[in-house]
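Heads up: the sequence shown runs through residues 3 to 739, numbered per the numbering used here. From the three backbone atoms N, C-alpha and C, an ideal C-beta is built for every residue, glycine too. To start, the structure under review is shown below, and the notes come after it.
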Amino acid sequence: MRRPALLLALIVIGLLGAMAAKAWLVPLPAVRMEPAADQFNVHRAAARLTDILGDEQPHPADTPANDAVRARLIANLVEIGLKPEVRDTLACNELHKARGVTCARVRNVVVTIGPAAGKQVLLSAHYDSTPVGPGAGDDGAGVATLLEVAEVLKDQPLKRPVTFLFNEGEELGLVGARAFLADPLSRNVDSLINLEARGVTGPANMFETSEPNGAAVAVFDRAVKVPVANSLATDVYRLMPNYTDVNSYAERGWTTLNIAIIGNETRYHSAGDTIAALDYRSLQHMGDQTLALTRTLADGVPAPGGERIFMDLLGTELIALPLTVGAALLAVLLFGLGWRAWQRRSLGRPLLAVVAAMLASALLAWAAEAVVGLIRPGMFWRAFPLVAQLAAYASAIAASLGVLATLARGIESERLRIAFWLMFVLLGAGIGLVAPGGIIFFLFPPTMVLLGTLASRSKRGAERSAALGAVLLLFLTFGAMLALLEDLLSNGPIWLLAPLGSLILLPVLIEAKPVLDELTRRRALASAALLAIAGWAVAAAVPAYSADRQQHFTIEHVADGRRAWWSVTNDDAQLPQAFKAIGRWHRGELPFSERARWLTDAPVAGGLAAPAVQVVGRQGSGAGRRVSVRLLPNGASSITLIAPEDAAIRSGGIGAFVRPVGRGSSDGRYTLRCFGRSCDGQVMDLTIGSARPVEFIVLGWRPGLPADATALVRGRPANARPQYAADSSLAMSRVRL
Numbered sequence: 003m004r005r006p007a008l009l010l011a012l013i014v015i016g017l018l019g020a021m022a023a024k025a026w027l028v029p030l031p032a033v034r035m036e037p038a039a040d041q042f043n044v045h046r047a048a049a050r051l052t053d054i055l056g057d058e059q060p061h062p063a064d065t066p067a068n069d070a071v072r073a074r075l076i077a078n079l080v081e082i083g084l085k086p087e088v089r090d091t092l093a094c095n096e097l098h099k100a101r102g103v104t105c106a107r108v109r110n111v112v113v114t115i116g117p118a119a120g121k122q123v124l125l126s127a128h129y130d131s132t133p134v135g136p137g138a139g140d141d142g143a144g145v146a147t148l149l150e151v152a153e154v155l156k157d158q159p160l161k162r163p164v165t166f167l168f169n170e171g172e173e174l175g176l177v178g179a180r181a182f183l184a185d186p187l188s189r190n191v192d193s194l195i196n197l198e199a200r201g202v203t204g205p206a207n208m209f210e211t212s213e214p215n216g217a218a219v220a221v222f223d224r225a226v227k228v229p230v231a232n233s234l235a236t237d238v239y240r241l242m243p244n245y246t247d248v249n250s251y252a253e254r255g256w257t258t259l260n261i262a263i264i265g266n267e268t269r270y271h272s273a274g275d276t277i278a279a280l281d282y283r284s285l286q287h288m289g290d291q292t293l294a295l296t297r298t299l300a301d302g303v304p305a306p307g308g309e310r311i312f313m314d315l316l317g318t319e320l321i322a323l324p325l326t327v328g329a330a331l332l333a334v335l336l337f338g339l340g341w342r343a344w345q346r347r348s349l350g351r352p353l354l355a356v357v358a359a360m361l362a363s364a365l366l367a368w369a370a371e372a373v374v375g376l377i378r379p380g381m382f383w384r385a386f387p388l389v390a391q392l393a394a395y396a397s398a399i400a401a402s403l404g405v406l407a408t409l410a411r412g413i414e415s416e417r418l419r420i421a422f423w424l425m426f427v428l429l430g431a432g433i434g435l436v437a438p439g440g441i442i443f444f445l446f447p448p449t450m451v452l453l454g455t456l457a458s459r460s461k462r463g464a465e466r467s468a469a470l471g472a473v474l475l476l477f478l479t480f481g482a483m484l485a486l487l488e489d490l491l492s493n494g495p496i497w498l499l500a501p502l503g504s505l506i507l508l509p510v511l512i513e514a515k516p517v518l519d520e521l522t523r524r525r526a527l528a529s530a531a532l533l534a535i536a537g538w539a540v541a542a543a544v545p546a547y548s549a550d551r552q553q554h555f556t557i558e559h560v561a562d563g564r565r566a567w568w569s570v571t572n573d574d575a576q577l578p579q580a581f582k583a584i585g586r587w588h589r590g591e592l593p594f595s596e597r598a599r600w601l602t603d604a605p606v607a608g609g610l611a612a613p614a615v616q617v618v619g620r621q622g623s624g625a626g627r628r629v630s631v632r633l634l635p636n637g638a639s640s641i642t643l644i645a646p647e648d649a650a651i652r653s654g655g656i657g658a659f660v661r662p663v664g665r666g667s668s669d670g671r672y673t674l675r676c677f678g679r680s681c682d683g684q685v686m687d688l689t690i691g692s693a694r695p696v697e698f699i700v701l702g703w704r705p706g707l708p709a710d711a712t713a714l715v716r717g718r719p720a721n722a723r724p725q726y727a728a729d730s731s732l733a734m735s736r737v738r739l
């Protein structure tokens with residue numbers, strides 16, 4: 003009895019070790035210490051970034067801080083030997099995937115190298131930051147990369163012109179990109195490389211392409227030596243609420259590649275997004291790719307070539323197939339594995355057991371995360387995400403062992419094997435209906451298994467060898483993708499990793515089922531339960547936050563006429579004891595936001611006048627009426643008009659930049675915002691598709707807190723900082739239009 007128990011324990015330990023080590027499957031090239039003149043010099047790029055960011059203060063668009071950043075950016079371009087131009091525009095852009103329009107005065111910096119004529123390659127990165135952090139990663143890394151690529155290519159013979167766009171206002175709603183689309187220079191562009199970041203570490207992922215993607219994938223495959231990309235990620239990204247400048251550029255149909263760093267999201271949009279935190283290996287990877295892609299695109303853009311599915315193999319090769327070929331191969335696998343499953347009587351209880359194992363993995367991990375969350379509210383995994391991830395994978399192993407020891411008791415591994423791979427291909431087909439790019443991950447391992455079943459008729463052991471080889475290939479491909487997904491799920495839910503991880507873990511446990519069968523059912527279930535409990539107990543015991551990975555903790559003072567609140571958003575964790583002496587806190591919402599937060603009454607701060615709007619024009623009546631209002635921020639850094647979700651706002655904007663509203667979302671409130679010092683006195687035009695008056699909240703935002711907030715700031719935990727929103731003061735008024 004002891005020998006099978008020990009062997010099973012070693013298998014479980016090995017599986018958890020493999021899941022912990024799968025991040026090593028994602029390549030991150032070493033920093034090149036002595037680059038040649040024609041190679042990307044990460045040290046020079048980092049030195050320029052250090053100079054441009056200066057004191058590393060937040061520098062949102064249309065602020066004195068961003069003026070200083072822009073001046074240093076221009077000085078660096080001149081030092082390289084280039085002649086940059088500044089395009090000054092007050093522009094507006096729709097909020098992609100949301101209901102709204104945002105406006106700001108932006109100063110795009112552009113410079114072109116290469117021949118004077120020909121279709122242009124555009125390289126784009128934004129030099130503004132959010133109001134809460136210095137933006138060394140987002141998007142200082144992109145700015146530094148563009149500067150270094152310009153340095154390397156400026157004196158080299160190029161077949162086509164290359165334009166470098168350092169745009170302003172991306173963080174406000176892609177305003178700089180919209181301004182560039184109105185620039186005559188944009189009319190001669192046919193290809194784009196956009197650089198972004200959602201963190202400060204990890205490889206530079208190619209996560210978005212133009213549609214159809216054939217030309218972009220061909221360029222990427224030809225140019226990049228260390229590719230990190232897959233078509234499942236590009237498809238999933240399109241379904242997410244996130245957006246970058248590419249969302250605006252997409253309307254031109256340019257051949258597009260979007261590249262970003264996504265490791266350690268806890269520093270993203272926070273004061274932790276510093277040069278010291280930026281991994282130079284990540285900058286090296288971004289720079290090498292951008293330089294190689296620029297050289298390739300400067301030689302010309304290939305024909306579109308339809309839609310491709312693709313994935314990298316350990317960063318060494320990009321495997322790409324036409325989508326039609328992938329779909330056809332998937333259909334063959336469905337038929338072949340379905341036929342083999344019918345022959346082996348694997349379509350009944352064996353298939354049910356495999357599906358039950360996956361569902362049980364998700365349910366067990368979800369329940370465990372919920373229980374730990376009740377004990378430790380907030381993102382308890384933030385400091386040590388690997389511990390919580392391994393707890394989720396331990397849940398997947400435990401649930402699978404439980405099902406194999408009960409529902410699958412007495413079923414041979416051969417029958418379960420075919421049932422699993424049939425279920426795997428069926429899952430791939432289902433994913434393909436929503437994200438066709440995901441098909442690529444469901445082709446090669448089951449092909450190996452199907453060929454193994456055919457070879458087993460003449461060679462004993464061929465099927466088992468093929469199955470083990472398929473599991474290894476699955477780990478090398480799907481495991482690498484899962485490592486990247488862990489970064490994207492840094493804010494949870496962690497339990498979702500359990501069913502995904504079970505796709506790698508379950509086939510190994512099926513092959514090891516003879517070992518499990520030697521244990522009694524009771525002992526197998528007890529071992530599974532102990533494994534899950536131990537995993538989540540460790541996740542619950544480790545610190546939730548650290549100096550490197552801090553808690554999201556933003557404090558705001560919000561005034562609405564004669565009433566005011568203190569507002570705290572902090573990962574939904576409990577408030578520190580010091581805060582409880584300040585007021586009676588409760589979970590609630592503010593008039594302008596549906597996000598739950600901690601609230602308590604606050605004194606009305608003196609000297610902070612509420613913003614207002616002044617009606618200066620009306621046209622039409624009933625549906626389709628147009629209203630023009632003058633913006634009066636009254637000292638606020640931004641002014642936002644917020645309308646209820648039934649207000650039927652059709653468009654909004656300033657001057658020539660009146661943009662449609664609501665195309666990206668069918669629900670939610672409407673927001674029309676102007677950010678920066680240039681908003682004062684501007685006239686915003688609104689088209690309202692309703693005859694009845696609409697009541698707007700007029701919201702003014704200022705960075706910083708009133709003096710009364712001193713105790714709150716001092717009481718903030720040591721390993722906590724504002725993220726996504728800065729500590730700030732907000733004042734509201736209302737107007738009917």
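In the DSSP annotation of this structure, Gly657 is not part of any beta strand (DSSP E), being labelled neither H nor E.
Per DSSP, Glu153 is one residue of the alpha helix (DSSP H) stretching across 144-155.
The beta carbon of Leu592 sits closer than 8 Å to those of Val560, Trp567, Ser569, Arg599, Leu601, all from its chain and outside the five residues before and after it, given in chain order. Counted as a single uninterrupted DSSP element, the beta strand (DSSP E) harbouring Phe166 occupies residues 164-169. For Leu79, the closest C-alpha among the options Leu194, Leu167, Leu176, Ala181 is that of Leu167. The three-state secondary structure of Val700, taken from DSSP, is strand. For Pro352, the enclosing alpha helix (DSSP H) starts and ends at 351-377. The way I'd put it, the segment 348-363 doesn't touch the segment 452-472; fewer than three beta-carbon pairs between them come closer than 8 Å. Taking C-alpha positions only, Ala70 is separated from Asp57 by approximately 10 Å. Per DSSP, the continuous beta strand (DSSP E) segment holding Glu87 begins and ends at 87-96. Sequence-distant partners of Leu418 (beyond 5 residues in either direction) whose C-beta falls short of 7 Å from its own C-beta, in its chain, are Pro352, Ala355, Val356, Ala410, Ile512, Lys515.
Note that the C-beta distance between Val145 and Leu155 is not below 8 Å. For Ile644, the enclosing beta strand (DSSP E) starts and ends at 640-645. Cβ-Cβ distances below 6 Å link Met21 to Tyr395 in the same chain, with the five nearest sequence neighbours on each side left out; the list follows chain order. Rounded to the nearest whole angstrom, the C-alpha separation of Gln158 and Asn110 is 25 Å. Looking at the backbone, the Cα of Asn493 and that of Leu487 are separated by about 11 Å.
DSSP links Thr689 through a beta bridge to Arg628, Ser653.
Just so you know, the alpha carbons of Thr114 and Val123 end up roughly 9 Å apart.
Put simply, the segment 721-736 touches the segment 545-562. At least three CB pairs are less than 8 Å apart. Per DSSP, the continuous alpha helix (DSSP H) segment holding Asn78 begins and ends at 66-82.
For Val177, no beta strand (DSSP E) run applies; the uninterrupted alpha helix (DSSP H) run containing it begins and ends at 177-183, by DSSP. When secondary structure is reduced to three states using DSSP, Met313 falls in the strand class. Judged by DSSP in its simplified three-state form, Gly328 adopts helix. Beyond the five residues adjoining it in sequence on each side, Phe422 comes within less than 7 Å, by CB distance, of Val356, Leu508, Pro509, Ile512 in the same chain, given in chain order. Ala437 has its alpha-carbon roughly 16 Å from the corresponding atom of Leu484. Your pair Arg384 and Tyr547 checks out as a contact, with CB atoms roughly 6 Å apart and the cut at 8 Å.
Beyond the five residues adjoining it in sequence on each side, Glu173 comes within less than 6 Å, by CB distance, of Asp130, Thr132 in the same chain, given in chain order. Under the Cβ criterion (8 Å, minimum of three pairs), the segment 285-293 counts as touching the segment 204-221. Here the C-alpha atom of Gly102 lies approximately 11 Å from the C-alpha atom of Cys676.
Listed in chain order, the non-local C-beta contacts of Pro635 below 7 Å within the same chain comprise Pro613, Ile641, Cys681, Asp682, Gly702, local neighbours out to five positions each way being set aside. A distance below 6 Å between beta-carbons, with the five flanking residues on each side excluded, links Ala645 to the following residues of its chain, in chain order: Ile651, Tyr672, Val696, Phe698. Put simply, of Leu8, Val226, Asp185 the residue whose alpha carbon is nearest the alpha carbon of Leu293 is Val226. By the neighbour-count criterion, in which a residue is buried when 16 or more other Cβ atoms sit within 10 angstroms of its Cβ, Ile496 is buried.
With contact defined as three or more Cβ pairs closer than 8 Å, the segment 704-717 and the segment 241-259 are not in contact.
At the C-beta level, Pro578 and Gly717 come within 8 Å of one another. When secondary structure is reduced to three states using DSSP, Val248 falls in the helix class.
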